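Top line first, the protein sequences correspond to chains A and B. Taking this note's numbering, the leading residue of the first sequence gets 1, the next gets one more, and so forth. Taking this note's numbering, the leading residue of the second sequence gets 1, the next gets one more, and so forth.
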Amino acid sequence: MKKSRLRVIAPLALVTALALSGCSTANLGGDSAPDGDAEKGPIKIGAVLDVTGVGASLGVPEQNTLNMLAEQLNDDGGIDGREVELTIVDNQSTEDGAAKATSKLIESDKVDIIIGASRTGPSLAMRPIAEAAKIPMISVAANVAIVEGSEWVFKTAQNDVVVLETILNDAKEKGYTKLALVRDATGFGEGIADYITALGSERGITLVTTESFEPSATDFTPQMTGVRSSDADAVIIWGINPSAGLAQKAYVQLGVNKPVYHSHGISNQAFFDAAGDAANGVIAPMGRLLVADQLDADNPQREVIEKFKADYSEAYGEQPSGFAGHAFDAWHIAVNAIKEAGTDADALRDELEKAEFTGISGVFTMSPENHSGLDASALILAEAQDGRWNLVKD
Amino acid sequence: MLTDFLQLTVAGLSQGSVYALLAVGLIAVYTVRHVINIAQGEFAMLAGLGSIWLVSAGMPLIVAILVAILSVTLVAIAMERLVISRVKNLTPLLSIILTLGISTLLQAIMLLAWGPEARGVPLFPGTNLLIGGVSIRSQEFWMMGALIVVGGGIVLFYEKSRWGKALRACAEQPVAARIVGISPVAASVLAFAIAGFVGGVAGVVASPIYLSLWSGGVLLGLKGFVAAVLGGFVSFRAAIIGALLLGVIEAYVAGYVGSGLRDGAAFLILILVLVVRPQGLVLKPTAVRV
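Following this line, the structure appears as structure tokens:
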């Protein structure tokens with residue numbers, strides 16, 4: 001055994017393997033067609049999604065949805081006879097991947113509008129690029145920081161502040177005064193503790209402890225141990241799947257035994273896949289998609305949700321998730337605005353600020369001040385039971 | 001506080017058991033062929049994703065797991081026969097490049113075959129225990145049990161059985177081993193079979209709580225690598241102890257310092273060991289012991 005040799009090769013192996021994990025590229029989208037005149041030729045819609053990596057459970061259904069809708073639209077003759085060309089780029093759930101993809105879509109594909117990204121972190125990385133190029137962007141992620149104060153950026157997922165208010169109102173009704181938070185350590189969970197402290201003080205609720213986890217985490221013992229020994233009345237787990245589902249599983253297996261809320265980041269089958277029976281009893285605010293069969297017959301969203309569910313399950317053989325719904329809404333808001341305003345960037349942006357749309361995640365009313373367009377009425381509270389969501393409060 | 005400490009220790013030991021199995025695979029191959037197998041972590045993911053696929057195709061859990069482990073063992077043997085054995089003058093550096101290529105290929109196949117989403121094998125049968133406030137999950141017993149049975153079995157195999165002694169002979173004195181009639185080809189195939197087998201076992205026992213993901217093998221393999229370095233890349237026993245230590249240290253770092261630093265702890269240990277004590281935890285650095 002030659003030690004000196006090992007001393008050289010060991011770090012080398014490390015470096016190569018680390019380099020490997022960050023250097024694969026995947027362009028899942030189409031080809032770059034020659035440039036047409038601004039108001040003729042195909043309409044180009046770009047999308048940057050977390051198709052691989054920690055956001056895959058969000059990005060894959062979003063990609064499916066956009067592909068399906070683009071095909072439907074082109075089969076119906078496109079927009080004003082112009083074909084719609086959709087280019088989807090995988091950002092591998094990374095911030096720099098999202099930034100690069102955005103630059104590529106703007107500079108070489110010359111897209112008219114960008115949809116994405118799936119998660120807050122990559123969306124925040126895209127925002128300054130879209131703003132500098134003055135290209136409208138519609139994120140499908142949650143954190144309000146994505147759109148706050150932006151002229152060019154919109155989003156379709158329900159705001160995290162509204163989600164937290166829904167949770168805190170329910171907690172107050174049930175008489176919980178001390179909450180613990182276990183949050184995603186990336187953009188999606190950023191600032192959540194501060195919001196809970198601020199929104200909680202109006203409701204007599206204090207945040208007693210905060211734990212965080214990486215979205216790639218697999219072991220949640222340290223976080224749950226911290227929560228277990230706290231004096232919280234109830235716990236909020238704030239993350240996306242699979243990590244949020246795994247956290248829920250660890251929560252139950254480690255016997256924390258406190259009521260638990262999750263965010264709208266878990267509204268998909270991946271939650272049940274990761275958490276299994278441990279999901280039972282979880283309460284989460286979410287859009288109406290997953291409880292569509294339990295809605296009142298006259299609910300304005302019911303028709304659009306049912307058509308989407310039927311189309312999606314026919315195309316992909318599975319039920320769409322809440323994230324597919326965010327992509328559906330972004331696509332339609334974009335297409336409706338292009339139908340009205342064409343592809344001139346300024347006109348398109350102005351049109352997006354006037355957008356009104358009854359979609360999957362809620363009834364949108366955009367305005368120059370509100371680039372998110374959804375309020376608390378977009379959310380319901382649902383309880384998980386045996387692999388499905390039951391509507392508890394509409 | 002003591003409860004928290006013990007809880008973290010349990011999590012660390014079960015996580016460490018998985019690292020230990022991977023380290024055993026890395027050392028088995030390194031001692032015989034001087035190959036540093038970057039694809040070791042992929043063996044684990046392949047077995048996990050393979051089992052999930054077989055279960056979803058209707059196979060009972062136990063059969064699916066056995067078939068998956070066996071298949072991964074065959075993949076490891078195929079890797080030895082089709083790639084490693086074809087290379088003349090195989091240096092460790094060349095082996096890293098080759099196995100890195102195989103690792104990337106396996107990842108791409110897993111991504112294409114099973115998609116980008118993380119999935120878990122169904123939980124193995126068993127009940128969770130709560131002892132004095134410390135909860136031990138049934139799957140954690142399976143993970144630690146796998147190390148005791150499979151890891152222990154391989155250590156015994158090397159020390160007691162004729163084939164095991166032959167492998168040690170190849171590691172210590174390759175020329176002399178050949179002279180006394182030990183086939184280097186058979187030894188090499190056996191070493192890769194062991195690597196595939198332990199990788200597969202690690203992958204299926206960890207999958208129910210830690211999930212399997214096409215790209216998850218890189219980090220897992222690196223943790224196994226750190227453990228193997230702690231074993232000086234020669235000693236199974238030292239590597240197993242090192243792996244358990246690594247798991248526990250990671251859990252303490254995540255619990256008491258910050259969960260974001262968990263992976264950093266492993267690499268800090270790696271750097272410190274390589275600089276300060278390249279023979280790892282091995283006490284007698286002169287002799288090759290496997």
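For glycine and all other residues, C-beta sits at the position ideal for the given N, C-alpha and C. Being a predicted model, the structure only gives us computed values, none of them experimental.
- Task: Between the Cα of Leu-294/B and those of Ala-142/A, Arg-203/A and Gly-245/A, spot the shortest distance and give me the residue it belongs to.
- Result: Because residue 294/B is not part of the residues shown, which for chain B are 1 to 290, the question remains open.
- Message: If I follow the unbroken beta strand (DSSP E) through Thr-87/A, where does it start and stop?
- Response: Against the first sequence, residue 87/A aligns to sequence position 87. For Thr-87/A, the uninterrupted beta strand (DSSP E) run begins and ends at 84-90, by DSSP.
- Same chain, Cβ closer than 7 Å to Pro-116/B, five either side skipped, listed in chain order: The residue given as residue 116/B occupies position 116 in the second sequence. The residues are Trp-214.
- Pick from Leu-244/B, Glu-140/B and Gly-232/B: whose alpha carbon is nearest that of Arg-277/B? As a working note, residue 277/B is residue 277 in the second sequence. Checked all of Leu-244/B, Glu-140/B and Gly-232/B; the closest Cα to Arg-277/B is Gly-232/B.
- Note down, in chain order, all residues in the stretch 205-216 of chain A with a beta-carbon under 9 Å from any beta-carbon belonging to chain B. Correct list: Glu-211, Ser-212, Phe-213, Glu-214 and Ser-216.
- Item | Segment contact flag, the stretch 45-56 of chain B with the stretch 187-203 of chain B, C-beta cutoff 8 Å, min 3 pairs | Between the stretch 45-56 of chain B and the stretch 187-203 of chain B there are three or more inter-stretch CB-CB distances shorter than 8 Å, so the stretches are counted as touching.
- Query: Per DSSP, Ala-382/A is paired with what?
  - Reply: Numbered from its first residue, the first sequence carries residue 382/A at position 382. Partner(s): Ala-284/A and Leu-391/A.
- Item | Near-chain A residues of the stretch 103-126 of chain B (beta-carbon distance less than 9 Å), N- to C-terminal order | Interface annotation for the stretch 103-126 of chain B against chain A: Ser-103, Thr-104, Gln-107, Ala-108, Leu-111, Gly-115, Pro-116, Glu-117, Ala-118, Arg-119, Gly-120, Pro-122 and Leu-123, criterion Cβ-Cβ distance under 9 Å.
- Tell me which same chain residues have a C-beta within less than 7 Å of the C-beta of Ile-305/A, skipping the five on either side of it? Within the first sequence, the letter at position 305 stands for residue 305/A. Closer than 7 Å at the Cβ level, and outside the excluded window around Ile-305/A, lie Arg-288, Leu-289, Ala-292 and Ile-360.
- Query: Going along the chain, which residues of the stretch 47-65 of chain A sit with their C-beta nearer than 7 Å to a C-beta in chain B?
  - Reply: Residues are counted here when their Cβ sits less than 7 Å from a Cβ of chain B; for the stretch 47-65 of chain A these are Val-51, Thr-52, Ala-56, Ser-57 and Val-60, given in chain order.
- State the start and end residues of the unbroken alpha helix (DSSP H) segment that holds Thr-102/A. In the first sequence, the residue the question calls residue 102/A occupies position 102. Run containing Thr-102/A: 95-107, per the alpha helix (DSSP H) assignment.
- Item | Residues that DSSP places opposite Tyr-316/A in a beta bridge | Along the first sequence, read from residue 1 onward, the residue named residue 316/A stands at position 316. None, per the DSSP bridge assignment.
- Task: For Arg-162/B, count neighbouring C-beta atoms within 10 Å of its own C-beta (all shown protein chains included) and say buried if the count is 16 or more, exposed if not.
- Result: Stepping through the second sequence from its first residue, residue 162/B is reached at position 162. Only exposed fits Arg-162/B, as fewer than 16 other CB atoms lie within 10 angstroms of its CB.
- When burial is assigned at 16 or more other CB atoms within 10 Å of the CB, is Leu-2/B buried or exposed? Translated into the one-based positions of the second sequence, residue 2/B becomes position 2. Looking at its Cβ environment, which holds fewer than 16 other Cβ atoms inside 10 Å, Leu-2/B is exposed.
- Candidates Val-204/B, Leu-274/B, Val-218/B and Tyr-256/B, of which the one nearest Trp-142/B by Cα: Start at 1 with the first residue of the second sequence, and residue 142/B comes out as number 142. For the residues Val-204/B, Leu-274/B, Val-218/B and Tyr-256/B, the minimum Cα distance to Trp-142/B belongs to Val-204/B.
- Which residues mark the beginning and the end of the alpha helix (DSSP H) in which Asp-170/A is found? Within the first sequence, numbered from 1, the residue matching residue 170/A stands at position 170. Where Asp-170/A is concerned, the enclosing alpha helix (DSSP H) stretches over 160-173.
- When DSSP labels each residue in this structure, what does Phe-154/A get in the three-state scheme? Counting from one through the first sequence, the residue named residue 154/A turns up at place 154. Three-state DSSP puts Phe-154/A in a strand.
- Note down, in chain order, every chain A residue with its Cβ under 7 Å from the Cβ of Asn-128/B. Looking up residue 128/B in the second sequence gives position 128. Chain A residues near Asn-128/B: Gln-253.
- Query: Taking 8 Å as the CB-CB limit, is Asp-35/A close to chain B?
  - Reply: Within the first sequence, residue 35/A is the residue found at index 35, counting from 1. Since pLDDT at Asp-35/A reaches only 44, below the 50 mark, its modelled position is unreliable, and no value is offered.
- Neighbour flag for Asp-386/A against chain B, beta carbons, 8 Å: Mapped onto the first sequence, residue 386/A falls at position 386. Contact with chain B is absent for Asp-386/A, since none of that chain's Cβ atoms lies less than 8 Å from the residue's Cβ.
- Cα-Cα, which of Leu-254/A, Asn-370/A, Ser-372/A and Thr-186/A is closest to Gly-260/B? The residue you call residue 260/B lines up with position 260 of the second sequence. When only C-alpha atoms are compared, the closest one is Thr-186/A.
- Spatial neighbours of Val-83/B in its chain, beta-carbon cut-off 7 Å, leaving aside the 5 residues before and after: Stepping through the second sequence from its first residue, residue 83/B is reached at position 83. Within the same chain, and ignoring the five residues on either side of Val-83/B in sequence, the residues whose Cβ sits closer than 7 Å to its Cβ are Leu-98 and Ile-102.
- Can you say whether Ile-266/A is buried or exposed, counting buried as having 16 or more other CB atoms within 10 angstroms of its CB? Indexing the first sequence from 1 puts residue 266/A at position 266. Buried, by the Cβ-count rule.
- With a cut-off of 8 Å, does the C-beta of Asp-329/A fall near any C-beta of chain B? Mapped onto the first sequence, residue 329/A falls at position 329. For Asp-329/A, the answer is no, since every Cβ of chain B falls outside 8 Å of its Cβ.
- Decide if Ser-377/A is buried, meaning its Cβ has at least 16 other Cβ atoms within 10 Å, or exposed. Counted from its first residue, the first sequence places residue 377/A at position 377. With fewer than 16 other beta carbons inside 10 angstroms of its own, Ser-377/A counts as exposed.
- At least one CB of chain A closer than 8 Å to the CB of Arg-137/B: is that the case? For the purposes of this step, residue 137/B is identified with residue 137 of the second sequence, where counting begins at 1. Chain A, which has a Cβ nearer than 8 Å to the Cβ of Arg-137/B, makes this yes.
- Query: Can you name the residues of chain A whose CB is closer than 8 Å to the CB of Ser-51/B?
  - Reply: Working through the second sequence from its first residue, we reach residue 51/B at position 51. Contacts between Ser-51/B and chain A, judged by CB atoms closer than 8 Å, are missing: the closest CB pair is about 14 Å apart.
- Item | Continuous alpha helix (DSSP H) assignments of at least 4 residues falling wholly in the stretch 61-148 of chain B | Listed in chain order, the complete alpha helix (DSSP H) runs (minimum 4 residues) inside the stretch 61-148 of chain B are 61-82, 92-114 and 138-146.
- Query: Which residues in the same chain have their Cβ closer than 6 Å to the Cβ of Ala-125/A, if we skip the five residues on either side of it in sequence?
  - Reply: Translated into the one-based positions of the first sequence, residue 125/A becomes position 125. So the qualifying residues of the chain are Glu-95, Ala-98 and Ala-99.
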